[in-house]
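Heads up: the sequence shown runs through residues 5 to 211, numbered per my numbering. Every residue, glycine too, gets a C-beta built ideally from N, C-alpha and C.
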Amino acid sequence: MAWPTLQRVDEERGLTIAQRKRQVVSDELKVAALQLMAARGFDTVTVDEIVAAAGVSRRTFFRYYASKEDVVIEMLETLGDQMRAELAGRPADEPTAVALRRAVEVAVLDCKDNTGKALPVVRLVLRTPALYARSLERQAGWRDDMAEVLAARLGRDRATDMYPGLAVGIALTALEDVLRRWAESDGTADPLELTARAFEVIGPALT
């Protein structure tokens, strides 16, 4: 996941000057927004305050984002792609419960490895109704994409077979519960251990 940082030298290699500049501005807006929202809460922070902290204009902000919600939600954007790619790459003979767990663990590890940046975002999303609603919309897209992969993996018809969609939905519900418990522990709980516990519970339903 592209968690906000102002030092992206390795990631920027091969990009044009314009692309690098755009990435830097985008990251500066994310960092400014996250710092303000983590300190004061989502609802009290305005776009004007974000652009002032980032040192850009309102016009620049709206070239990058349609709303302040988008600044936060974009930080979660690549999780679905990462989980889908992991599911598609799992061994063909691997049980579905194991394959889905490994896919979910990609997102969990991303958050664990970037705790300092990921934890405030997860907290904001879970505690802010507007952001939580947007995250559910994003998860619906993840569910559809991953269900297509699972259906192909199992040789089932996604249009008529309920299992792929329900199985992925259960796995994503487990992911949300893991991240919620991780956030509530202030990042002290091991999210991989929480994931293992969650899949012990839902495993029978996936088998």
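In terms of residue numbering, what span does the alpha helix (DSSP H) encompassing residue i cover?
{"i": "A22", "result": "I21 to R44"}
{"i": "G93", "result": "E81 to G93"}
{"i": "T177", "result": "Y167 to E188"}
{"i": "V75", "result": "K72 to I77"}
{"i": "G207", "result": "P195 to L210"}
{"i": "Y68", "result": "R62 to Y68"}
{"i": "V51", "result": "V51 to A58"}
Thinking C-beta only, is residue j closer than 9 Å to residue i?
{"i": "T183", "j": "P168", "result": "Per the sequence shown, residue 183 should be read as Leu rather than Thr. The answer is no: Cβ separation not under 9 Å."}
{"i": "T100", "j": "D47", "result": "no"}
{"i": "A42", "j": "R127", "result": "yes"}
{"i": "T215", "j": "K25", "result": "Outside the displayed span of the chain (5 to 211) sits residue 215, for which this structure offers no information."}
{"i": "A103", "j": "R162", "result": "no"}
Please return the same chain residues whose Cβ sits closer than 8 Å to the Cβ of residue i, not counting the five positions on each side in sequence.
{"i": "L130", "result": "Y136, L183, R184 and A187"}
{"i": "L10", "result": "Because the pLDDT at L10 is just 41, under 50, the model does not fix this residue reliably, and the value given afterwards should be weighed accordingly. Excluding positions up to five away in sequence, the list reads V28, D31, E32 and V35."}
{"i": "D114", "result": "M5, L83, Q86 and A122"}
{"i": "L40", "result": "V49, E53, I54 and A57"}
Considering only residues of the same chain and omitting the five flanking positions on each side of residue i, which have a CB-CB separation below 6 Å?
{"i": "G191", "result": "T119 and L123"}
Output needed for residue i: all residues of its chain with C-beta closer than 7 Å, excluding positions within five of it in sequence on either side, in chain order.
{"i": "L176", "result": "Q143, W146 and R147"}
{"i": "R160", "result": "Y167 and P168"}
Going by the C-beta, is residue i closer than 8 Å to any heavy atom of the ligand GTP?
{"i": "L83", "result": "Summarising the ligand content, the structure contains no ligands, and the ligand GTP is consequently not present."}
**Report entry** Sequence ranges, alpha helix (DSSP H) only - wholly within the segment 95-152, length at least 4
**Finding:** Segments of the alpha helix (DSSP H) lying fully in the segment 95-152: 100-117 and 119-131.
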